[in-house]
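Protein chains: 2
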Amino acid sequence: MTALPSDSVGIVVPQHVAFDSPLSLTCGAVLDRHELVYETYGTLNAERSNAVLVCHALSGHHHAAGYHHESDRKPGWWETCIGPGKPMDTNRFFIVSLNNLGGCHGSTGPGSVNPETGQVFGPDFPAITVRDWVRSQVMLADHLGIEQWAAVVGGSLGGMQALQWSIDFPERVRHVVAIACAPRLSAQNIAFNEIARQAIYSDPCFHGGRYAEHGVAPTQGLMLARMVGHVTYQSDDGLREKFGREVASGDLEFARDVQFQVESYLHYQGRSFSQRFDANTYLLMTRALDYFDPAQEYGDDLAAAFARSQASYLLVSFTTDWRFSSERSRELVDALVRARRNVSHADIDAPYGHDAFLLPIARYMDVFGAYMDRVGSEASA
Amino acid sequence: MTALPSDSVGIVVPQHVAFDSPLSLTCGAVLDRHELVYETYGTLNAERSNAVLVCHALSGHHHAAGYHHESDRKPGWWETCIGPGKPMDTNRFFIVSLNNLGGCHGSTGPGSVNPETGQVFGPDFPAITVRDWVRSQVMLADHLGIEQWAAVVGGSLGGMQALQWSIDFPERVRHVVAIACAPRLSAQNIAFNEIARQAIYSDPCFHGGRYAEHGVAPTQGLMLARMVGHVTYQSDDGLREKFGREVASGDLEFARDVQFQVESYLHYQGRSFSQRFDANTYLLMTRALDYFDPAQEYGDDLAAAFARSQASYLLVSFTTDWRFSSERSRELVDALVRARRNVSHADIDAPYGHDAFLLPIARYMDVFGAYMDRVGSEASA
């Protein structure tokens with residue numbers, strides 16, 4: 001390929017760390033040992049005050065920015081927001097992005113070998129919650145010598161991790177940026193996740209999660225699950241803009257296997273995802289979403305949960321995001337105000353639904369960049 | 382059981398009619414012969430001016446009101462609106478309700494035997510459009526000696542048939558009542574239908590639609606398809622009201638197989654549906670939804686399509702219906718006004734999403750009843 005874009009961090013190399021101290025999980029299980037894969041962008045300053053943690057969402061991983069080799073066709077998943085001069089400016093910040101525990105991109109997860117059995121964990125991998133992720137991210141912070149994050153940043157499920165950090169480790173987070181997020185899932189959210197799980201369970205290649213032992217994978221079920229996710233992460237307007245009712249093949253008038261373009265698009269998205277993601281991890285991630293409910297152990301009082309926090313917050317929502325609507329961000333704002341926290345909220349007018357948090361929308365970039373600029377000034381002050 | 386409710390039509394008996402004159406379908410195929418099963422409620426007056434046709438939606442059938450025997454636990458699917466003193470008052474109207482061509486409740490469909498092969502049609506049953514349904518309903522009207530319907534009434538896909546009647550057979554329809562309807566599906570609607578179809582195709586028991594020959598049925602796929610439909614026919618608020626995040630079983634803190642109540646509910650709904658409905662018919666019905674686009678042959682001008690109509694219209698929409706939103710009904714209103722048709726539109730504030738059209742919501746019943754009262758006065762005038 002031609003030279004890499006000048007506003008990219010360029011070639012990046014994933015790093016691995018193994019933790020031999022046990023990690024106690026919310027479900028009661030204990031992982032004696034686990035590994036995380038992560039990437040870093042930018043340079044940690046002498047005061048170690050400019051570190052930013054990026055938390056990924058349902059289908060994300062550690063590769064958030066840059067390229068793995070010169071011939072990479074696609075950069076990291078959040079290239080729009082991470083790089084020189086971008087909202088998370090690598091000229092100012094030392095950015096850490098990991099693959100979460102339970103993931104399928106190099107960190108310990110259902111695809112790893114269970115030391116107790118010598119077999120792949122598969123369905124025996126313990127259930128993981130957002131709190132568990134934060135605890136394992138604390139171990140990563142300690143490993144990197146980062147006492148306090150200038151900011152913990154994430155969209156969707158990633159934003160939930162950022163919120164949980166500020167509740168569970170208040171002294172270690174100065175700023176939280178939670179984008180397209182919610183204080184917990186609605187019944188509708190849970191229902192869509194359950195449909196995705198059922199699609200995976202129903203695949204004859206799932207084998208109760210032991211597909212690896214059978215040398216197969218439930219790609220059809222995972223494809224279906226992703227199709228459900230994909231439709232719900234976009235807005236009706238967005239899909240109309242993109243496809244309307246254009247017919248991709250066949251003739252409406254003589255139609256059994258007519259395909260509207262939106263169908264071919266969904267098939268393509270679902271199929272390619274099913275070939276690069278692990279079904280057990282997808283199940284684990286959707287469950288982590290369902291379980292997330294920081295207010296629960298504070299008598300269902302979200303303000304009480306945030307009362308322990310010492311962080312300031314930026315919340316961003318998108319007008320056509322119906323999965324995690326603007327209303328859900330306002331719930332967070334109300335709770336944070338009642339908890340006497342500093343909070344800014346930008347509701348961005350965009351037709352792209354939930355997926356908007358990945359896109360370079362001008363006002364979103366401006367708001368995000370301006371807030372991170374403040375975070376950076378503090379860090380270097 | 383105890384005596385049947387006094388506001389019910391009571392015991393009803395399905396009737397069958399076989400048409401031996403060929404029916405040419407939009408897809409080019411010709412059905413030399415087809416049967417329809419239907420029910421009637423109330424009495425046809427001497428002038429034959431009080432007949433109302435009820436058209437069913439995706440998962441509906443001919444049994445819209447009353448009970449089949451004394452011990453029936455459940456009445457017909459639109460019992461809320463059909464009966465003595467109800468919006469479709471059986472003291473005034475002669476109501477006809479059929480199972481559409483392609484259905485799985487007694488009318489000729491994919492489960493019927495193909496006279497050419499002596500085998501069950503299965504996937505070889507031709508694609509059916511809303512226009513084809515109207516044509517076969519015309520044959521039923523002729524059979525019953527009904528020259529003109531006082532009203533053609535339906536919700537969702539049923540409303541689309543009512544609209545198509547007024548376009549294709551203007552002289553045979555005085556009033557159209559189209560509830561929770563749309564002029565055509567959006568890309569998002571089509572996407573959800575395609576996910577449902579993929580769920581069915583993916584079931585190993587589907588056998589390319591020839592499951593009957595294998596003595597099995599793709600119940601798991603059909604269950605998944607119905608779960609997708611069910612979530613999207615309800616509103617986020619409605620599901621929250623019904624279930625919130627209540628846990629049905631298991632302990633959130635020690636959870637792999639935790640179930641939120643909304644999940645058990647979806648499983649139950651999906652499973653029971655998959656045991657009473659045919660997968661090939663479900664595929665056929667979702668395609669009929671996707672194809673519906675009356676404006677298409679009028680240069681995509683909906684007003685031009687309605688210009689031929691001689692009917693008056695009542696449109697009803699529901700504020701939390703996001704599958705066929707109030708906006709879609711307003712598109713219909715605009716087109717009908719431009720076509721110089723009489724049209725009333727009631728947007729009913731209700732938290733129940735698309736499924737609201739089946740529920741006895743006070744203002745909805747009042748509006749529907751008042752309009753049908755006008756229809757009835759004309760009929761007896």
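These protein sequence lines map, in sequence, to chains A and B.
No gaps in the numbering here: position 315 of the first sequence is 315 in our numbering, and each next residue is one more.
No gaps in the numbering here: position 266 of the second sequence is 647 in our numbering, and each next residue is one more.
We put the beta carbon where it would ideally sit given N, CA and C, even for glycine.
Worksheet item: Closest by CA to B/Glu708, which one among A/Asp236, A/Asp349, A/Gly106?
Response: Nearest Cα to B/Glu708 within the set A/Asp236, A/Asp349, A/Gly106: A/Asp236.
Worksheet item: Under 6 Å from any heavy atom of the ligand ATP, does the C-beta of B/Ser405 make it?
Response: This structure simply doesn't include the ligand ATP, nor any ligand for that matter.
Item to complete: Note down, in chain order, each residue of its chain lying with its Cβ closer than 7 Å to the Cβ of B/Arg668, except the 5 sequence neighbours on either side.
Response: Residues of the same chain with a CB within less than 7 Å of the CB of B/Arg668, apart from the 5 flanking positions on each side, are Ala508 in chain order.
Worksheet item: Nearest chain B C-beta to A/Glu116 closer than 7 Å, yes or no?
Response: Not an interface residue.
Item to complete: Take A/Asn189 and list the residues in its own chain whose beta-carbon comes closer than 7 Å to its own, dropping the five residues that flank it on each side.
Response: Around A/Asn189: Arg323.
Practice prompt. Determine, using beta carbons only, whether B/Pro465 and B/Asp388 come nearer to each other than 7 Å.
Written response: Yes. Within cutoff.
Discussion item. Excluding the 5 residues flanking A/Arg131 on each side, which residues of the same chain have their C-beta closer than 8 Å to its C-beta?
Written reply: The residues are Thr26, Gln164, Asp168.
Practice prompt. Would you mind giving the Cβ-Cβ distance between B/Leu605 and A/Ile195, rounded to the nearest angstrom? I have them listed as a contact below 8 Å.
Written response: Indeed, because the Cβ distance is near 7 Å, the residues count as touching under 8 Å.
Worksheet item: What first and last residue would you give for the alpha helix (DSSP H) that runs through A/His230?
Response: A/His230 -> alpha helix (DSSP H) spans 219-232.
Discussion item. Mapping the DSSP letters down to three states, classify B/Phe635 as helix, strand or coil.
Written reply: The predicted model places B/Phe635 with a pLDDT of 49, which falls under 50 and marks its position as unreliable, so this point remains unresolved.
Practice prompt. Name, please, each residue of chain B whose Cβ falls closer than 7 Å to the Cβ of A/Ser309.
Written response: Simply none; closest approach about 22 Å.
Worksheet item: Got a sec, what are the start and stop residues for the alpha helix (DSSP H) A/Glu194 sits in?
Response: Run containing A/Glu194: 187-202, per the alpha helix (DSSP H) assignment.
Worksheet item: If we ignore side chains and look at the alpha-carbon of each, how far apart do A/Pro183 and B/Ile392 end up?
Response: Each residue's Cα considered, the two are about 51 Å apart.
Discussion item. So that I know if they touch, is there some Cβ in chain A lying closer than 7 Å to that of B/Asp513?
Written reply: No - not a single Cβ of chain A is within 7 Å of the one on B/Asp513.
Worksheet entry | Residues in the stretch 90-101 of chain A having any Cβ partner in chain B nearer than 9 Å | Across the stretch 90-101 of chain A, no CB contact with chain B closer than 9 Å is found for any residue.
Worksheet item: Can you list, in chain order, the residues of its chain whose CB lies under 6 Å from that of A/Ala304, leaving out five sequence neighbours each side?
Response: So the list reads Tyr298, once near-sequence residues are dropped.
Practice prompt. With 8 Å as the C-beta to C-beta threshold (strictly closer), list the residues of the stretch 564-596 of chain B near chain A in chain order.
Written response: Within the stretch 564-596 of chain B, Arg565, Leu566, Ser567, Ala568, Gln569, Ile571, Ala572, Phe573, Glu575, Ile576, Gln579, Ala580, Ser583, Asp584, Pro585 place their CB atoms closer than 8 Å to a CB of chain A, listed in sequence order.
Practice prompt. Please list, in chain order, all residues of the same chain as A/Cys104 whose beta carbon is under 7 Å from its beta carbon, the five residues on each side excluded.
Written response: If you ignore the 5 residues before and after A/Cys104, its C-beta comes within less than 7 Å of the C-beta of Gly111, Phe277, Asp278, Thr281, all in its own chain and listed in chain order.
Fill in: Segment contact flag, the stretch 91-105 of chain A with the stretch 134-145 of chain A, C-beta cutoff 8 Å, min 3 pairs
Result yes; three or more Cβ-Cβ pairs closer than 8 Å.
Discussion item. Would B/Gln650 pass as an interface residue toward chain A - the criterion being a Cβ-Cβ separation below 7 Å?
Written reply: Contacts with chain A at 7 Å (Cβ-Cβ) do not include B/Gln650.
Worksheet item: Considering only C-alpha positions, which residue in the set A/Asp334, A/Ala180, A/Leu185 is nearest to A/Asp347?
Response: Ranking A/Asp334, A/Ala180, A/Leu185 by Cα distance to A/Asp347 puts A/Ala180 first.
Item to complete: Check whether the Cβ of A/Asp236 lies closer than 7 Å to any Cβ atom in chain B.
Response: It does: the Cβ of A/Asp236 has a partner Cβ on chain B nearer than 7 Å.
Practice prompt. Could you name the residues that DSSP lists as bridge partners for B/Phe400?
Written response: Paired residue(s): B/His415.
Worksheet item: Which residues bound the beta strand (DSSP E) around A/Ala151?
Response: Run containing A/Ala151: 151-155, per the beta strand (DSSP E) assignment.
Discussion item. I'd like the span of the alpha helix (DSSP H) that includes A/Val316, first residue to last.
Written reply: Segment 312-318 is the beta strand (DSSP E) holding A/Val316; no alpha helix (DSSP H) there.
Practice prompt. Return the residue from the list A/Gln15, A/Met227, A/Gln261 that minimises the CA-CA distance to A/Lys242.
Written response: Check the Cα spacing between A/Lys242 and each of A/Gln15, A/Met227, A/Gln261: the tightest is with A/Gln261.
Worksheet entry | B/Thr421 - partner residues in DSSP beta bridges | BP columns for B/Thr421 point to B/Val477.
Worksheet entry | Cut-off 8 Å between Cβ atoms - residues of its own chain near B/Ser761, not counting five sequence neighbours on either side | Within the same chain, B/Ser761 has close Cβ partners Asn426, Ser430, Asn431, Arg473.
Discussion item. By the DSSP assignment, the beta strand (DSSP E) with B/Leu434 in it spans what residues?
Written reply: Going by DSSP, B/Leu434 is part of the beta strand (DSSP E) stretching over 432-436.
Worksheet item: Taking the C-alpha atoms as reference points, what is the distance between B/Ala688 and B/Asn495?
Response: Those two C-alpha atoms are separated by around 39 Å.
Item to complete: Within the stretch 494-543 of chain B, note down every full beta strand (DSSP E) run reaching 3 residues or more, in order along the chain.
Response: Listed in chain order, the complete beta strand (DSSP E) runs (minimum 3 residues) inside the stretch 494-543 of chain B are 532-536.
Worksheet item: B/Leu696 and B/Val714 look like a contact to me (Cβ under 8 Å); what is the Cβ gap, rounded to whole Å?
Response: The pair is a contact, with the Cβ atoms about 6 Å apart (cut-off 8 Å).
Worksheet item: B/Val390 and B/Gly441 look like a contact to me (Cβ under 8 Å); what is the Cβ gap, rounded to whole Å?
Response: The Cβ separation is near 17 Å, so there is no contact.
Fill in: Under 8 Å by beta carbon: chain B residues contacting A/Leu239
Below the 8 Å Cβ cutoff, chain B contributes Ser567, Ala568, Gln569, Ala572 as neighbours of A/Leu239, in chain order.
Worksheet entry | Distance, A/Leu266 Cα to B/Val718 Cα | In a straight line, the C-alpha of B/Val718 is about 37 Å away from that of A/Leu266.
Worksheet item: So, are the CB atoms of A/Pro204 and A/Tyr211 less than 7 Å apart?
Response: The answer is no: Cβ separation not under 7 Å.
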